[in-house]
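See structure below.
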Amino acid sequence: MEVLASSSASSTYPLFTLDNPNKPFSFTFNPIIISQVHPWKSFPVKKIEARLLCRILCKRTNLDNSGSWRSSTNAICKHKFVFYALCRLNKNFTSQSGLFAIRHGHLLRSWNTSSHQKVNSHSQKIREHFSVVFIRLVAAMLLVTSASVALSNTPSWALSEENLLFLEAWRTIDRAYIDKTFNGQSWFRYREDALRNEPMNNREETYMAIRKMLATLNDPFTRFLEPEKFKSLRSGTQGALTGVGLSIGYPTESEGSRTGLVVISATPGGPANQAGISSGDIILEIDNASTESMGIYDAAERLQGPEGSSVELTVQTGPEIKHLALTRAKISLNPVKSRLCEVPGSEKNYPKIGYIKLTSFNQKASAAVKEAIDTLRSNNVNAFVLDLRDNSGGLFPEGIETAKIWLDKGVIVYICDNRGVRDIYDTDGSSAIAASEPLAVLVNKGTASASEILAGALKDNKRAVLFGEPTYGKGKIQSVFQLSDGSGLAVTVARYETPAHNDINKVGVIPDHPLPNSFPKDDDGFCGCLQDPASACYVNNVQLFKR
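In the UniProt record's numbering, the protein residues as written are 1 to 547.
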């Protein structure tokens, strides 16, 4: 008898055809293979053909009529043998194999003896071997898949130096920015989209991509600083900067319909002072850019720049308009000016008032205020006026230290994030040197940031009376971060509340009393308004310190 094993492409389960050459007869059946042995009818056969979708395992045996086994394997299945199908993994199969015992020249029988158990044992070993191979194959596939996933997380393009600078800026915002919703956008998706779509072929394009990224936050105080501007900002907080020597602010109501930015003061000997610019002049344009709707932060950045570089200004002095080209120079900054104002005829009501003008909070600010207080005290002053108008802020720690000078105790400011109060700055009075004299504080819409913290602390602790107009309303704190190429980022890292838990962002600190529209911003003009009852800006010195 011969056994022909083949795979039938048209069947999804084993098909067997039995042919009897002595008696023409053909029987085709499609058995349902299950794990137990079913009795089969006997057919005299001399030839069997099996068409399977799976392999046939042949095992030669010596099988006697008693059913005893003496096994020996042979690759060529002849004479006495056992064969069964190693069925492939197919959802149509419900069993592992079908078992048939065939003896040459005799009947086809099914066996349900101990020999069946041995064959099943051999089948089990093969299945275990198959399982091991299958597990190894799956493990290899998982390893390859993991490697593919790891590679897919890396951009398919090579990151350029410009891409890396952009990513450095992105990571800085990701770590430090106060709003972890990033203005309601997916910050990670923005990174991927920007790397794919934004041109970054040179440094200027990269800077533009960073600015565009920051613009999506809708936060005017989180901004990009080119290397020279970053350097200038750093030097400005350290007591010196490179610019034209101008202190600028917003026009007051007394200056009518004039648009632009007003000059508060010009540093003696600085480029602006040498060009004839003085207090009260109006800056109409900076490098041909109108200042009509320009903020003082933007204007200050435009005025600063590399030493020796030039900037063009259009300045109005009275009715005259001048076009000036100034060369930037290094300017030493003293953030404090002080003046003793003596008020005649008021011997019993603060006849000597110490006026202190604080223009910024650089590293010298608190020390300069202490020095001014000591100098004025040596002249036996009875009260102080602290002028914070057009002080756009500066170093947060200097604002805290300056508040401690005037307070004997109390909270100075609450630092908050999106979850609430994160930190509290207060004082126990150990740093106070002027906690008892009457104090008035002058503010306007140019009073911002650290100067608002100081004004809010003095008001809420009932240490001072505030005069003027609502402050700028910058209730957020920025930190400055340097990037690897020398540029930098000013990033909003927190917001703050005054000691009375007022969030002043976009609202400002509200003063107790207004000032006359024509009240001057320089020290000489201030003293004149206290001394001359006939002047339009006159303020009674008693009213100045009355709550």
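Using N, Cα and C, we set each Cβ at its ideal position, and we do this for glycine too.
- Run the CB neighbour count on Gly420, radius 10 Å, all protein chains shown included, and call it buried at 16 or more, exposed below. So Gly420 ends up on the exposed side.
- Query: Of the residues Asn362, Leu386 and Ile353, which one's Cα is nearest the Cα of Arg377?
  - Reply: Answer by Cα proximity: Ile353.
- Query: Can you name, in chain order, every residue of its own chain whose Cβ lies under 7 Å from the Cβ of Asn163, other than the five neighbours on each side?
  - Reply: Leu195 and Met200.
- Determine the extent of the beta strand (DSSP E) in which Lys212 is found, giving its start and end residues. For Lys212, no beta strand (DSSP E) encloses it; the enclosing alpha helix (DSSP H) starts and ends at Arg203 to Ala215.
- Message: Comparing C-alpha positions only, which one of Cys529, Gly399, Asp512 and Asp524 sits nearest to Ser518?
- Response: When each option's Cα is compared against that of Ser518, the closest is Cys529.
- Query: If you count every other CB in all the chains shown that lies within 10 Å of the CB of Pro268, and 16 or more means buried, which is it?
  - Reply: Under this definition Pro268 is an exposed residue.
- Item | Contact the region 312 to 331 vs the region 271 to 282: 3+ CB pairs below 8 Å | Yes, they touch.
- Query: Under 8 Å between the Cβ atoms of Asn382 and Glu437?
  - Reply: Yes, the Cβ-Cβ distance between Asn382 and Glu437 is below 8 Å.
- Message: Below 8 Å on the Cβ atoms is my contact criterion, and I expect Val491 with Thr222 to pass it. Report the Cβ-Cβ distance as a whole number of Å.
- Response: Correct: roughly 5 Å between the Cβ atoms.
- Lys352 bridges to which residues according to DSSP? Residue pairing by DSSP places Lys352 opposite Glu342 in a beta bridge.
- First and last residue of the beta strand (DSSP E) that includes Asp387? Asp387 -> beta strand (DSSP E) spans Ala383 to Asp387.
- In the DSSP assignment, what residue or residues form a beta bridge with Gly468? Beta-bridge analysis with DSSP links Gly468 to Val443.
- Query: Hey, Gly456 and Ile504: beta-carbon distance below 8 Å or not?
  - Reply: In contact: Gly456 and Ile504 (Cβ atoms closer than 8 Å).
- Query: How is Gly295 classed by DSSP in three states: helix, strand or coil?
  - Reply: For Gly295, the secondary structure class from DSSP, reduced to helix, strand or coil, is coil.
- Query: At what residues does the alpha helix (DSSP H) containing Val507 begin and finish?
  - Reply: Careful: Val507 lies outside any alpha helix (DSSP H) and carries neither H nor E.
- Query: Out of Tyr538, Asp423, Asn362 and Tyr355, which has the shortest C-alpha to C-alpha gap to Ala494?
  - Reply: Comparing alpha-carbon positions, the option among Tyr538, Asp423, Asn362 and Tyr355 lying closest to Ala494 turns out to be Asp423.
- Task: Take every Cβ of the region 390 to 402, pair it with every Cβ of the region 448 to 455, and state whether three or more of those distances are shorter than 8 Å.
- Result: Touching, yes.
- Message: Could you tell me the alpha carbon to alpha carbon distance between Glu205 and Gln482, rounded to whole angstroms?
- Response: Computed Cα separation, rounded: 19 Å.
- Query: In its own chain, which residues sit with a C-beta less than 6 Å from the C-beta of Ala368, not counting the 5 before and 5 after it?
  - Reply: These residues qualify, in order along the chain: Pro335 and Val336.
- Task: Could you tell me which residues DSSP puts in a beta bridge with Tyr177?
- Result: Paired residue(s): none; Tyr177 is not in a bridge.
- Phe467 versus Ile356 - alpha carbon distance: Looking at the two C-alpha atoms, the distance is approximately 15 Å.
- Task: Give the straight-line distance between the Cα atoms of Ser160 and Ile415, rounded to the nearest whole angstrom.
- Result: Taking the straight line from one Cα to the other gives about 39 Å.
- Tell me, to the nearest whole angstrom, how far the beta carbon of Arg328 is from that of Lys521; I am working on the premise that it is less than 8 Å. Not a contact, Cβ separation roughly 24 Å.
- Roughly how many angstroms lie between the CA atoms of Arg211 and Phe224, to the nearest whole one? Rounded to the nearest angstrom, the two C-alpha atoms are 6 Å apart.
- Query: With DSSP run on the structure shown, which of helix, strand or coil describes Thr242?
  - Reply: Residue state for Thr242 is assigned as strand, using DSSP reduced to three classes.
- Message: Output needed for Thr291: all residues of its chain with C-beta closer than 8 Å, excluding positions within five of it in sequence on either side, in chain order.
- Response: Thr259, Gly260, Leu261, Ile283, Leu284, Glu285 and Ala299, listed in sequence order.
- Query: Could you give the distance in angstroms between the alpha-carbon of Ser309 and the alpha-carbon of Val263?
  - Reply: Here the alpha carbons of Val263 and Ser309 stand approximately 21 Å from one another.
- Would you mind stating whether Val411 and Asp428 have Cβ atoms separated by less than 8 Å? For Val411 and Asp428, no; Cβs fall outside 8 Å.
- Which of the three DSSP states, helix, strand or coil, is assigned to Ile135? The answer is helix: DSSP assigns Ile135 an H, G or I state.
- Would you kindly check if the distance between the Cβ of Leu386 and the Cβ of Leu358 is under 8 Å? Yes, the pair counts as a contact, with Cβ atoms nearer than the cut-off.
- Message: For Gln531, list the residues DSSP reports as bridge partners.
- Response: Its beta-bridge partners do not exist; DSSP assigns none.
- Message: My output table needs one value for Tyr190: the three-state DSSP class, helix, strand or coil.
- Response: Under the three-state reduction of DSSP, Tyr190 is assigned to helix.
- Can you name the residues that DSSP bridges to Thr427? DSSP output for Thr427 lists Gly410 as bridge partner(s).
- Query: Thinking C-alpha only, which one of Glu312, Val311 and Ser247 is nearest Asp281?
  - Reply: Of Glu312, Val311 and Ser247, the residue nearest in Cα terms is Ser247.
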